[in-house]
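Residue numbers (the numbering used here): 168 to 262.
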């Protein structure tokens, strides 16, 4: 299951540029910067579930005024915002 999960997430993310636009030719661009299953020192990443963990680093450029459709990130993720603003929503209920 885990082996299919990450490629599926990556495929959905990479295909999002096809349907994320403002109608004026501006679309989201996604570049794969790194993909690995080893740590900075070449060691194996610690297991947190079944299968081999993998880290993928993407550069995602979202042009001004472009809105992404509502979507979920079912795995832990992080981002760095260099310019502009980002709005996010969650329906997570800890109770």
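Virtual Cβ for every residue (Gly too), placed ideally from N, Cα, C. All figures in this text were calculated on a predicted structure; none of them were measured in a lab.
- The three-state secondary structure of residue 195, taken from DSSP, is coil.
- A direct Cα-to-Cα measurement between residue 236 and residue 250 gives close to 20 angstroms.
- Going by DSSP, residue 226 is part of the beta strand (DSSP E) stretching over 222–228.
- Ranked by Cα distance from residue 258, the first of 240, 219 and 232 is 240.
- The closest CA to that of residue 225, considering only 256, 197 and 209, is found on 197.
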